[in-house]
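>
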Amino acid sequence: MKIFVTGATGWIGSTVVDQLLAAGHDITGLARSDDSAAALSAKGARALRGDLDDLAGIRAGAEAAEAVVHLANKHDFADQAATNRSERGAVQAVGEVLAGSHRPFVVAAGLAFLAPGRTATEADRSPFHGVDSLRGGSENLALEFAEKGVGTVVVRFAPTVHGAGDHGFLAGVVATARAKGVSAYAGDGANRWAAVHREDAGRVVRLALERGVPAGTVMHAAAEDGLPFRDIAEAVGRGLGLPTASVPVDNAAEHFGWLHKFATADMCASADATRTLLGWTPTGPTLEEDLDSGCYYR
Ligand SMILES: NC(=O)c1ccc[n+]([C@@H]2O[C@H](COP(=O)([O-])OP(=O)(O)OC[C@H]3O[C@@H](n4cnc5c(N)ncnc54)[C@H](OP(=O)(O)O)[C@@H]3O)[C@@H](O)[C@H]2O)c1
Numbered sequence: 136m137k138i139f140v141t142g143a144t145g146w147i148g149s150t151v152v153d154q155l156l157a158a159g160h161d162i163t164g165l166a167r168s169d170d171s172a173a174a175l176s177a178k179g180a181r182a183l184r185g186d187l188d189d190l191a192g193i194r195a196g197a198e199a200a201e202a203v204v205h206l207a208n209k210h211d212f213a214d215q216a217a218t219n220r221s222e223r224g225a226v227q228a229v230g231e232v233l234a235g236s237h238r239p240f241v242v243a244a245g246l247a248f249l250a251p252g253r254t255a256t257e258a259d260r261s262p263f264h265g266v267d268s269l270r271g272g273s274e275n276l277a278l279e280f281a282e283k284g285v286g287t288v289v290v291r292f293a294p295t296v297h298g299a300g301d302h303g304f305l306a307g308v309v310a311t312a313r314a315k316g317v318s319a320y321a322g323d324g325a326n327r328w329a330a331v332h333r334e335d336a337g338r339v340v341r342l343a344l345e346r347g348v349p350a351g352t353v354m355h356a357a358a359e360d361g362l363p364f365r366d367i368a369e370a371v372g373r374g375l376g377l378p379t380a381s382v383p384v385d386n387a388a389e390h391f392g393w394l395h396k397f398a399t400a401d402m403c404a405s406a407d408a409t410r411t412l413l414g415w416t417p418t419g420p421t422l423e424e425d426l427d428s429g430c431y432y433r
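All residue numbers for the sequence shown refer to our numbering, where the first residue is 136 and numbers rise by one.
#1: Give me, in chain order, the residues of the same chain whose beta-carbon lies closer than 8 Å to that of G429; leave out the 5 immediate sequence neighbours on both sides.
#2: What number of angstroms, rounded off, separates the C-alpha of P294 from the C-alpha of R327?
#3: When you compare the CB of G307 with every CB in chain D, is at least one pair closer than 8 Å?
#4: Going by DSSP in three states, W415 sits in which element: helix, strand or coil?
#5: Helix, strand or coil for V285? Go by DSSP, reduced to three states.
#6: Between the alpha carbons of A281 and E423, how many angstroms are there, rounded?
#7: Taking all protein chains shown into account, decide if V384 is buried (16 or more other Cβ within 10 angstroms of its Cβ) or exposed.
#8: Kindly identify the DSSP beta-bridge partner or partners of G164.
#9: Run the CB neighbour count on T163, radius 10 Å, all protein chains shown included, and call it buried at 16 or more, exposed below.
#10: Using only alpha-carbon positions, find the residue among T150, R365 and R253 that is nearest to A174.
#11: Quick check: does the Cβ of A299 come within less than 7 Å of any heavy atom belonging to ligand 1?
#12: Tell me the rounded alpha-carbon separation between V288 and P251.
#13: Is H355 helix, strand or coil when you go by DSSP?
#14: My guess is that H160 and I193 are in contact by the Cβ rule of under 8 Å, so how many angstroms apart are they, rounded?
#15: Can you tell me the Cα-Cα spacing of A177 and E345, whole angstroms?
#16: Determine whether the beta carbon atoms of A406 and H332 lie at a separation below 8 Å.
#17: What three-state label does DSSP hand A173 in the structure shown?
#18: Who are the near neighbours of A202 in its chain, counting only those whose CB is closer than 6 Å to its CB and skipping five residues on each side?
#19: Helix, strand or coil, according to DSSP, for V152 in the structure here?
#20: Taking 7 Å as the cut-off, is the beta-carbon of G245 closer than that to any non-hydrogen atom of ligand 1?
#21: According to the neighbour-count rule (16 or more other Cβ atoms, all chains shown, within 10 Å of its Cβ), is T411 buried or exposed?
#22: Would the segment 317-324 and the segment 252-265 be scored as touching if the rule is three or more Cβ pairs under 8 Å?
#23: Do you know how far the Cα of V241 is from the Cα of G284?
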């Protein structure tokens, strides 16, 4: 299959591209720099130079493809509005190109703030609509395109897609502990994080493309439903040789900085429907195995 991948050089995108190439697919990745273009060429993918805000380039990539995977995100937590606008704009542009074609469109999403206090399932609808909402409401926008002949498949990744080289939230937790000299959790630390190893997360994307799942399907890339944040903090404390301690919830923003909304969030999710639909069985290390392997502390 000819597949256009945005975010092809990112943490998840790199393994997705590797796995798709290994399965014999023809990959074109959006590249915003010479380095990213070179990284794609070196592994046998094509590079399409462009940017998330260059919608003409994104449209051209989608037009030439039999399927699109959208994994790029600015992740600018200092300018969330700009990040949201770009995310929504890219989904809108791809959706318009694919409308009526029934070509697959796999869109990255998250589990944050979806169902606090309980285990989210694939049947839960995202409460975020419109450009000013989380991720620019892109999950719901992408699902609206399923009504217009687009083969939309939403993949909600666990809040930690872990493994050696991770630079996401978990790496932020480790960096915060190192900087503060204490591995902290907020309050009783009972808020949970779902988790998935990077290779298993990539496999969800590949299988979503290859299995021809129905348009409008929502998947969860979550191998572990939810670890209490206190357990994560204790593993990080062990790994860094630092004490683990509770900080008052009211002080979490000061302690965790930009990360505090996620460090205090309850983000538990099952992936039962995804496992059944795709025949997906995670095989990678668990979150605690990765934390105890030392790969986060080098
Ligand atoms: N990792 C997680 O734990 C996690 C959890 C939940 C949801 N997600 C979502 O899953 C998706 C992939 O995440 P990730 O962890 O792989 O992200 P990442 O490692 O930060 O990679 C982001 C990708 O987007 C590209 N990008 C950033 N700004 C761009 C721009 N202005 N124009 C074009 N490309 C741009 C980057 O290109 P360069 O390589 O050139 O920088 C990179 O390929 C994102 O939507 C993310 O929010 C991730």
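No residue lacks a Cβ here, since even glycine has one placed at the ideal position from N, Cα and C.
This is what the structure holds:
#1: Taking the sequence shown and counting its residues from 1, one reaches residue 429 at position 294. The answer, listed in chain order, is G374.
#2: Position 159 of the sequence shown holds residue 294. Position 192 of the sequence shown holds residue 327. Rounded to the nearest angstrom, the two C-alpha atoms are 10 Å apart.
#3: Although the question refers to chain D, the structure presented lacks it and comprises just one protein chain.
#4: The count along the sequence shown starts at 1 and reaches residue 415 at position 280. It is coil, neither helix nor strand.
#5: In the sequence shown, counting from the first residue as 1, residue 285 sits at position 150. Coil at V285, not helix or strand.
#6: Sequence index remark: in the sequence shown, residue 281 carries index 146 (1-based). Sequence index remark: in the sequence shown, residue 423 carries index 288 (1-based). Approximately 37 Å between the Cα atoms of the pair.
#7: Along the sequence shown, read from residue 1 onward, the residue named residue 384 stands at position 249. Label assigned to V384: exposed.
#8: Here residue 164 corresponds to residue number 29 of the sequence shown, with the count starting at 1. Answer by DSSP bridge pairing, in chain order: V140 and A182.
#9: For the purposes of this step, residue 163 is taken as the residue at position 28 of the sequence shown. T163 is buried by the Cβ-count criterion.
#10: The residue you call residue 174 lines up with position 39 of the sequence shown. The shortest C-alpha separation from A174 is found at T150.
#11: Here the question's residue 299 lines up with position 164 in the sequence shown. No; taking the cut-off as 7 Å, the Cβ of A299 has no heavy atom of ligand 1 nearer than that.
#12: Here residue 288 refers to the residue found at position 153 when the sequence shown is read from its first residue. Here residue 251 refers to the residue found at position 116 when the sequence shown is read from its first residue. Straight-line Cα distance between these residues: approximately 23 Å.
#13: Along the sequence shown, read from residue 1 onward, the residue named residue 355 stands at position 220. Strand at H355.
#14: By 1-based counting over the sequence shown, the position of residue 160 is 25. By 1-based counting over the sequence shown, the position of residue 193 is 58. At roughly 19 Å, the Cβ-Cβ gap does not stay under 8 Å, so H160 and I193 are not in contact.
#15: Residue 177 sits at position 42 when you count from the first residue of the sequence shown. Residue 345 sits at position 210 when you count from the first residue of the sequence shown. Their Cα atoms are separated by approximately 24 Å.
#16: In the sequence shown, residue 406 corresponds to position 271, counting from 1. In the sequence shown, residue 332 corresponds to position 197, counting from 1. It is not a contact, given that the beta carbons lie outside the stated cut-off.
#17: Position 38 of the sequence shown, counted from the first residue, corresponds to residue 173. It is helical.
#18: Position 67 of the sequence shown holds residue 202. These residues qualify, in order along the chain: M136, I138, R238, P239 and L344.
#19: Translated into positions along the sequence shown, residue 152 becomes position 17. In the structure shown, V152 sits in a helix (DSSP, three-state: H, G or I).
#20: Taking the first residue of the sequence shown as 1, we reach residue 245 at position 110. Yes, ligand 1 has a heavy atom inside 7 Å of this Cβ.
#21: In the sequence shown, counting from the first residue as 1, residue 411 sits at position 276. It is exposed - the Cβ of T411 has fewer than 16 other Cβ atoms within 10 Å.
#22: no
#23: As a first step, residue 284 must be located in the sequence shown, where it is residue number 149. As a first step, residue 241 must be located in the sequence shown, where it is residue number 106. Between G284 and V241, the C-alpha separation is close to 14 Å.
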